[in-house]
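In UniProt numbering, the protein residues as written are 1 to 73. Everything below concerns the one structure shown next.
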Amino acid sequence: MKDKSRAKGKVIQFDPSRKNRLKQVDYVDPAQKELRRKREKQRGNRIVREKVIKNTAIFLGIVIVVILIKSIL
């Protein structure tokens, strides 16, 4: 058996800027996971919709310019 008078304790360095933090568990609630998946899908759909609208507007602008140039000439 160890002698209690000779036992050495662990020295923990004091750092006031560092807080004791609990370990984070990698568990994600299935409902949260489903909400996150749904939001990411909506975000992707919104980005695609914005690109389609932008490209359609550019195409229509080019067509209008070409029609105006043909009518002038």
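A virtual CB, placed ideally from N, CA and C, is assigned to each residue, including glycine.
To the nearest angstrom, how far is the alpha carbon of L35 from that of K23? 24 Å
So for K10, helix, strand or coil by DSSP? coil
Limits of the unbroken alpha helix (DSSP H) element including L35: 30-72
Regarding E40 and the ligand GDP, is the C-beta to nearest heavy atom distance less than 7 Å? Absent from the structure shown: the ligand GDP. Ligands present: none.
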